[in-house]
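*Asks:* Chains as they are written, first to last, in the working numbering: chain W, 1 to 173; chain L, 1001 to 1429.
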Amino acid sequence: MALAFTPEVDREFDRIVRRYPNRRAALIPTLILADREFGYLSREAMDYVAKRLELPAAWVLSTATFYTMLRKRPTGKHHVQVCVNVACYLKGADQLGDHLKKRLGIGFGEVTPDGLFSLEGVQCLAACGTAPVLQVNGAYHEDMTPEKADALIQSLRTAPAPGGATSGPGGAV
Amino acid sequence: MSATPANPARGHLLRCGPGESLLDVAKYQATGGFQALRKALAMPPAALIDEVKKATIRGRGGAGFPAGTKWSFLPKDNPKPRYLVINADEGEPGTFKDRYFLEQDPFPLLEGIAISAYAIGAHTAYLYVRGEFVRGIKVLEDAVEAMRKAGALGRSVLGSPFSLEIIVHPGAGAYICGEESALLESIEGKPGRPRNRPPFPAVAGLWACPTIINNVETMACVRLVLMHGADAFLAMGLPKDGGPKIYGLSGHVKRPGLYEAPLGLSLRTLIYDFGGGTIDDRPIKGIIPGGSSTPVLGPDALDVAMDFESIKAVGSMLGTAAATIFTEGTCPVAVLLRISRFYAHESCGQCTPCRDGTGWLERIVESIEHGTARPGDCDVLLAAANQIMGNTICALGDAAALPVISFVNRFRDDFEAHIAGRGCPYGAA
Ligand SMILES: Cc1cc2nc3c(=O)[nH]c(=O)nc-3n(C[C@H](O)[C@H](O)[C@H](O)COP(=O)(O)O)c2cc1C
Ligand code: SF4
Ligand code: FES
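1. If you count every other CB in all the chains shown that lies within 10 Å of the CB of R155(W), and 16 or more means buried, which is it?
2. Is the Cβ of V1134(L) closer than 8 Å to any Cβ of chain W?
3. If you measure from the beta carbon of G129(W) to each beta carbon in chain L, is any gap under 8 Å?
4. Around ligand 2, what residues have a beta-carbon under 6 Å from a heavy atom of it, in chain order?
5. At least one CB of chain W closer than 8 Å to the CB of A1174(L): is that the case?
6. How far does the beta strand (DSSP E) with P1262(L) in it reach, from first residue to last?
7. Give a yes or no on whether 8 Å exceeds the smallest Cβ distance from P29(W) to chain L.
8. Select from the region 43 to 72 of chain W all residues with a C-beta closer than 7 Å to any C-beta belonging to chain L, and list them in chain order.
9. Could you tell me whether the Cβ atoms of Y1128(L) and G1059(L) are closer together than 8 Å?
10. Would you mind giving the Cβ-Cβ distance between V1253(L) and I1325(L), rounded to the nearest angstrom? I have them listed as a contact below 8 Å.
11. Along the region 1069 to 1096 of chain L, where does the CB come closer than 7 Å to a CB of chain W? Name the residues.
12. Buried or exposed: V1380(L), going by 16 or more other Cβ atoms within 10 Å of its Cβ?
13. Could you say which of A1122(L), K1285(L) and V1304(L) lies nearest to G1298(L) if we only look at CA atoms?
14. Under 8 Å between C-beta atoms, does K1149(L) make it to chain W?
15. Should H16(W) and P7(W) be called a contact, given that it needs their Cβ atoms to be closer than 8 Å?
16. Taking the C-alpha atoms as reference points, what is the distance between K91(W) and A131(W)?
17. On the three-state DSSP scale, how would you describe Y1247(L)?
18. Looking at A127(W) and ligand 3, is the gap between the Cβ and the nearest heavy atom below 7 Å?
19. For a contact meaning CB atoms closer than 8 Å, what does Q135(W) contact in chain L?
20. Of all the alpha helix (DSSP H) runs that stay within the bounds of the region 5 to 91 of chain W, which reach a length of 4 or more residues?
21. Between the C-alpha atoms of F1407(L) and N1215(L), what's the straight-line distance to the nearest angstrom?
22. In its own chain, which residues sit with a C-beta less than 6 Å from the C-beta of L1013(L), not counting the 5 before and 5 after it?
23. Where does R1058(L) fall in DSSP's three states?
24. Pull the bridge partners of T1124(L) from the DSSP assignment, please.
25. Is it true that the region 24 to 42 of chain W meets the region 1177 to 1191 of chain L, where meeting means three or more beta-carbon pairs spaced less than 8 Å apart?
26. Step through the CB atoms of chain W and report whether any lies within less than 8 Å of the CB of P1295(L).
27. Looking at C-beta atoms only, is the number of pairs between the region 1331 to 1346 of chain L and the region 1366 to 1373 of chain L that lie closer than 8 Å three or more?
What follows is the structure, given as structure tokens:
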């Protein structure tokens, strides 16, 4: 089945396009929208955005591949991104990352076999005062400890599918 | 050292503390909100620019360029539309101040944007927010809508003939888009590759139109200048570097977070009074004073004032005034490795010294940390860093080189001990 936005997402798409003087400026915001709607940006999804914006497919490809938050591969249902930069490092980010790897049985850049979780090391999330931090589907979790991470993973296992306000674009695996 | 913070994390810029927020436009209006904007709209734009110039608001995005001076670079006779672009990309490691405005207190920022747009004659302002700030983007979009409903945006701002739209534009994960010309490319829908200058954005910026780019906190300062007047604003800081400043504190301190104080706060007051001192009261080993690109200082710098000129005088930079502290027992090579890895990852790849050089820096620092480096590699590292300095299109090259040079010079014994002992004496690797 060919990819297409739902009527509701279409309205959001139109709202975005309308606010710019040209269609190319709407590219990154609408790619974020497509990423969120389709789970990641497959070639088909990029071509769909290109068609909708009447832009050359090559422009869409070159922009989509430049930005790390635009997913070029599927992630887990809960995409866990751990900051590995300096302030978090000083507050135990390595231990937090190692703990999550052991707990989920996957490394950075991998997805659990059941598709529930993916893990990634990311750069400074601008929450250095509450380090170490991680994001799950765009929501911040600050002042983390291995124990808090365990509780978080446990609650996500039983949580409904992400959506609505807490759901944002994930990062590239 | 005092046990209670002298600064309750509240003031002119930081109006609420952690966990609090001010998101109600009606309350904002009831407590003096938009009065600065009203005052501005009654002034001729040229007088407004003069007032901002008089306040010498030095840009809060890192480089410290005076805002009023930047505004006066706009060509007088260009018929194209003018744009105001606000930089909320906040990506410099260690920095987390602009997020406060986006998530907790958006109206002073939006009011500052409206005042600035009127001053420079822009009818569209783009607010470029890093994509990771999912919540901040939502808060801002709601705040823009509320401000429009309150009559402070749109066709007739506060009943005046001035019209303004503010568009919240998301980034999508690229530190380089914080660099102003890359940011413009990104709004245009392109990969964020910095532009060669000249022309500067004030002459040919967004879609080749005259464009002013300013930081979030700079906009909040503009509002303060209009509220209190340039003289009162200046009196909130040093005579030359005017105004209050948001200081960030992270790393090995008891109370990390954001603190407001006049420009020129000493590192000692920030760390020991506001921050409650170091964890387990350990001695300080290194202070990165203003974001990861600013040269590292030692405890001998504790009495240096955190303003643009004083920090420069001791060989570093105020940057974003976000200090990251590490104490004795921390491996400085491991700290530098996180920094070098970051810049190598974030190079846009456009110029050879940066694209190749940041990769070399990362690999050499890594080999030193892991004990596979050879004697003399510290000098190789310094030479590589010096070859990047000043030879690139944008300042990311310098941002990658400066920490390397300062870490090797300050902690040379630690670096040599890694090489001689074939591994990390701190067991950090
Ligand atoms: C690599 C790089 C990254 C930057 N990132 C940011 C940023 O995240 N936020 C910001 O305000 N300025 C950033 N800057 C500085 C901007 O280029 C620009 O100077 C600033 O936004 C101007 O605003 P100001 O004059 O109000 O400080 C960065 C510069 C470079 C070279
Ligand atoms: S210095 Fe680095 S980031 Fe800047 S333009 Fe050159 S390659 Fe790109
Ligand atoms: S270093 Fe992790 S949030 Fe800044």
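Yeah, the Cβ is synthetic: ideal placement off N, Cα and C, and Gly gets one too. All figures in this text were calculated on a predicted structure; none of them were measured in a lab.
*Replies:* The answer reads as follows:
1. If you number the first sequence from 1, residue 155(W) lands on position 155. Per the sequence shown, the amino acid found at residue 155(W) is Ser instead of Arg. Exposed, because fewer than 16 other Cβ atoms sit within 10 Å of the Cβ of S155(W).
2. Working through the second sequence from its first residue, we reach residue 1134(L) at position 134. Yes, V1134(L) counts as interfacial toward chain W.
3. In the first sequence, residue 129(W) corresponds to position 129, counting from 1. So, interface residue.
4. I1176(L), P1194(L), S1347(L), C1348(L), G1349(L), Q1350(L), C1351(L), C1354(L), R1355(L), T1392(L), I1393(L), C1394(L), L1396(L) and G1397(L)
5. Working through the second sequence from its first residue, we reach residue 1174(L) at position 174. Interface residue, yes.
6. As a working mapping, residue 1262(L) is identified with position 262 in the second sequence. G1257 to P1262 is the extent of the beta strand (DSSP E) around P1262(L).
7. The sequence position of residue 29(W) within the first sequence is 29, counting from 1. Answer yes: the Cβ-Cβ gap between P29(W) and chain L drops below 8 Å somewhere.
8. S62, T63, F66, Y67, T68, M69 and L70
9. Taking the second sequence and counting its residues from 1, one reaches residue 1128(L) at position 128. Taking the second sequence and counting its residues from 1, one reaches residue 1059(L) at position 59. Result no, Cβ atoms of Y1128(L) and G1059(L) do not sit closer than 8 Å.
10. For the purposes of this step, residue 1253(L) is taken as the residue at position 253 of the second sequence. For the purposes of this step, residue 1325(L) is taken as the residue at position 325 of the second sequence. Confirmed, about 5 Å.
11. E1090, G1091, P1093, G1094, T1095 and F1096
12. As a first step, residue 1380(L) must be located in the second sequence, where it is residue number 380. It is exposed - the Cβ of V1380(L) has fewer than 16 other Cβ atoms within 10 Å.
13. Against the second sequence, residue 1298(L) aligns to sequence position 298. Closest by alpha carbon: K1285(L).
14. Here the question's residue 1149(L) lines up with position 149 in the second sequence. By this cut-off, K1149(L) is not an interface position.
15. As a first step, residue 16(W) is located in the first sequence; it is residue number 16 there, counting from the start. As a first step, residue 7(W) is located in the first sequence; it is residue number 7 there, counting from the start. The question names His, yet the displayed sequence has Ile at residue 16(W). No. Outside cutoff.
16. Here residue 91(W) refers to the residue found at position 91 of the first sequence. Here residue 131(W) refers to the residue found at position 131 of the first sequence. If you take the alpha carbons of K91(W) and A131(W), they lie about 6 Å apart.
17. Position 247 of the second sequence, counting from 1, holds the residue named residue 1247(L). Three-state DSSP puts Y1247(L) in a strand.
18. By one-based count along the first sequence, residue 127(W) stands at place 127. True, at least one ligand heavy atom lies under 7 Å from that Cβ.
19. If you number the first sequence from 1, residue 135(W) lands on position 135. The contacting residues are E1132.
20. 7 to 18, 27 to 38, 43 to 53, 57 to 66 and 86 to 90
21. As a position in the second sequence, residue 1407(L) is number 407, starting the count at 1. As a position in the second sequence, residue 1215(L) is number 215, starting the count at 1. If I take the Cα positions, the gap works out to 28 Å.
22. As a first step, residue 1013(L) is located in the second sequence; it is residue number 13 there, counting from the start. Once the five neighbours on either side are set aside, the close Cβ partners of L1013(L) are A1220, P1244, I1246 and E1260.
23. As a working note, residue 1058(L) is residue 58 in the second sequence. Strand.
24. The residue given as residue 1124(L) occupies position 124 in the second sequence. Looking at the DSSP assignment, T1124(L) forms a beta bridge with Y1083(L) and E1165(L).
25. yes
26. Start at 1 with the first residue of the second sequence, and residue 1295(L) comes out as number 295. Chain W contact via Cβ: absent.
27. yes
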